[in-house]
Amino acid sequence: MADTLQFDLVSPERKLASVQATEVRIPGTDGDLTAMAGHTPTITTLRPGLLQVVHQGGTDDYVVSGGFAEIGFDGVSVLAERALPRGEVTQEVYEGMVEEFAAAHRDARARFENEPGPVDDTAKLLADMVAVGTHIGLDPKQPNF
Amino acid sequence: MPSLKDLKNRIASVKSTRKITKAMQMVAAAKLRRAQDAAEAARPYAERFNAVMAGLASSVGGSDGAPRLLAGTGKEDVHLLVVMTAERGLCGGFNGSIVRKARIRASELLAQGKTVKILTVGKKGREMLRRDYGKYFVGHIDLTDVKRVGYANAQDIARDVLGRFDADEFDVATIYYARFQNVITQIPTEQQIIPAHFEGGEEADTALYDYEPGEEEILADLLPRGVATQIFAALLENAASEQGARMSAMDNATRNAGEMIDKLTIEYNRSRQAVITNELIEIISGAEAL
């Protein structure tokens with residue numbers, strides 16, 4: 001068990017994955033990180049992005065849209081607010097996700113006119129989501145980015 | 001004494017009622033299984049979430065910079081009661097017991113001179129509370145069109161609650177729902193969600209973690225999600241409880257209908273027999289008179 005770690009991916013509605021992985025690439029808020037066996041215990045929040053799990057059978061990709069990851073001694077648990085296997089993210093689903101963040105951004109712009117903080121936060125989330133699209137080859141259809 | 005025809009009609013009508021309650025019971029049983037599966041599937045997330053939050057909260061909670069969602073506003077004057085009930089009736093005491101619990105709490109708070117605000121989720125609770133507490137209503141969330149509660153529904157409710165909290169509309173928020181124990185028992189429960197407090201958790205372990213970004217940022221990011229998670233768990237429990245309560249209520253109704261049919265059938269047969277006897281007596285005494 002030296003070079004694998006238990007990986008669990010759960011969303012509020014269901015458990016998506018539970019495998020022995022050799023490495024897990026996590027899109028953290030402060031930057032991507034790769035967890036392998038023996039990683040320092042870490043808790044990080046997630047940004048919208050691509051979560052990649054490398055295990056014996058190959059590599060699984062998941063699109064996650066926020067939440068957090070807990071890297072412990074014995075494994076990695078990713079608690080994603082929403083997570084979908086790469087295969088389930090069609091253009092339509094993806095557009096829905098982008099639109100959700102775009103709506104949050106518009107809402108923030110309307111509500112916090114003179115406070116750049118919340119607006120920038122939502123703008124970053126939206127940009128992250130849009131970036132996911134270019135990674136997996138889907139069109140975000142957002143003119144501003 | 002009802003006539004034969006009346007009895008016959010009544011038997012027919014009770015029979016069709018029984019058919020309906022029987023069907024409803026079976027539908028509820030199927031839905032209950034689905035609701036239980038959903039609650040089961042949601043459990044790992046809630047458990048891990050609470051464990052991490054409990055650790056974070058215990059390490060950050062004491063400091064001055066603790067987020068308002070955790071530390072509270074420093075007052076306890078305005079209470080928001082989020083009463084979560086079903087959209088439909090015919091489920092025994094399910095809605096009533098949740099509402100009763102909320103009602104007791106509301107009158108307690110009012111007696112203490114606090115301000116009460118009520119947010120209802122689900123039409124039934126709203127109807128039951130309207131007469132006495134209608135003036136405390138601040139909002140209603142309708143789930144009539146929702147076939148199956150999803151996390152998105154919980155997020156909507158959480159957004160509403162958090163929006164009100166940010167606008168300083170209340171100090172303490174409590175949710176009311178029924179915890180599912182089994183088909184017969186559903187326990188009406190009150191649970192304080194704001195200020196948040198998390199039970200259990202491995203407090204000693206968390207000191208070992210690295211936090212990215214810092215502990216406080218993570219906590220600030222996760223607390224609103226925690227509200228949604230708790231609401232989601234409550235919604236799922238509620239959904240399972242509702243179906244369970246409906247199932248046992250309909251089971252009772254079906255049994256009652258059966259008993260009633262038996263009773264009516266006996267009565268029907270007796271009066272039919274009486275009519276026949278009567279006719280015979282008439283014939284015989286007519287023949288004797290000749």
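Here the protein sequences come in this chain order: A and B.
Numbering-wise (the UniProt record's numbering), the first sequence opens with residue 1 and increments by one.
Numbering-wise (the UniProt record's numbering), the second sequence opens with residue 1 and increments by one.
The C-beta atom is built at its ideal place from N, Cα and C for all residues, glycine as well.
These numbers were taken from a predicted model, which means no experiment stands behind them.
Closer than 8 Å to chain B by CB, residue i
i      : result
A/G75  : no
A/D30  : yes
A/V10  : yes
A/F68  : yes
A/L126 : no
A/K141 : no
A/T45  : yes
A/L50  : no
A/E95  : no
A/L16  : no
Bridge partner(s) assigned by DSSP for residue i
i      : result
A/S18  : A/D8
A/D32  : A/P27
B/H197 : Answer is none; B/H197 lacks a bridge partner.
B/G139 : B/L119
B/M84  : B/V121
Rounded C-alpha distance that separates residue i from residue j
i      : j      : result
B/N252 : B/L222 : 44 Å
A/L126 : A/L50  : 14 Å
B/D160 : B/A228 : 10 Å
B/A204 : B/G55  : Residue confidence for B/A204 is low, a pLDDT of 47 falling below 50, so the modelled location carries little weight and cannot support an answer.
B/I284 : B/N278 : 10 Å
B/A214 : B/T144 : First, the residue type needs correcting, since residue 214 of chain B is Gly and not Ala in the sequence shown. Rounded to the nearest angstrom, the two C-alpha atoms are 41 Å apart.
B/G186 : B/R246 : Gly is not the amino acid found at residue 186 of chain B; the sequence shown has Gln there. Going by the C-alpha atoms only, they are around 11 Å apart.
B/L162 : B/D37  : 29 Å
B/G150 : B/E40  : 14 Å
B/V52  : B/V14  : 55 Å
B/R179 : A/M129 : 37 Å
A/R47  : B/K22  : 50 Å
B/K19  : B/E259 : 14 Å
B/G201 : A/S77  : The predicted model places B/G201 with a pLDDT of 49, which falls under 50 and marks its position as unreliable, so this point remains unresolved.
A/I26  : B/Q192 : 33 Å
B/K31  : A/A80  : 27 Å
A/A123 : A/A102 : 8 Å
A/E115 : B/R164 : 19 Å
B/F94  : B/R103 : 14 Å
A/E23  : A/E13  : 25 Å
B/R43  : B/E87  : 24 Å
A/F7   : B/R225 : 22 Å
Burial state of residue i, where buried means 16 or more other Cβ atoms lie within 10 Å
i      : result
A/F73  : exposed
B/Q112 : exposed
A/M1   : With a pLDDT of 48 at A/M1, under the threshold of 50, the predicted position of this residue should be treated as unreliable, though the coordinate-derived value follows. With fewer than 16 Cβ atoms within 10 Å of its Cβ, A/M1 is classed as exposed.
A/L134 : The displayed chain sequence assigns Thr, not Leu, to residue 134 of chain A. With fewer than 16 Cβ atoms within 10 Å of its Cβ, A/T134 is classed as exposed.
B/V275 : exposed
B/P188 : buried
A/G57  : exposed
A/V93  : exposed
B/I175 : buried
8 Å Cβ cutoff, residue i in contact with chain A
i      : result
B/A71  : no
B/A204 : Note that B/A204 has pLDDT 47, beneath the 50 cutoff, so the model's placement of it is unreliable and no number is given.
B/E237 : no
B/T17  : no
B/G201 : Unreliable placement is indicated for B/G201, whose pLDDT of 49 sits below 50; no coordinate value is reported for it.
B/A42  : yes
B/K8   : no
B/R48  : yes
B/G125 : no
B/E212 : yes
B/V231 : This sequence places Ile at residue 231 of chain B; Val is not what is there. False, the Cβ-Cβ gap to chain A never drops below 8 Å.
B/R225 : yes
B/Y177 : no
Same chain, Cβ closer than 7 Å to residue i, neighbours up to 5 away in sequence not counted
i     : result
B/R10 : L264
B/V99 : V83, T85, G125, M128 and L129
B/A71 : P195
A/I71 : A35, H39, P41 and T42
Close-in-space but distant-in-sequence residues of the same chain around residue i (CB under 8 Å, 5 per side omitted)
i      : result
B/G96  : M128
A/K141 : E95 and V98
A/V119 : H105, A108, R109 and F112
B/D77  : K114, T115 and D171
B/Y136 : A106, V116, K117 and I118
Test: residue i CB closer than 8 Å to a CB of chain E
i     : result
A/P41 : Given the protein chain composition of this structure (A and B), no chain E is represented.
Own chain partners of residue i with C-beta closer than 6 Å, once the 5 adjacent residues on each side are dropped
i                      : result
A/G28                  : T44
residue 293 of chain B : With chain B represented from 1 up to 290, any question about residue 293 of chain B goes unanswered, as that position is not in the structure.
B/A249                 : C91 and G92
B/I231                 : A154, I157 and A158
B/D6                   : none
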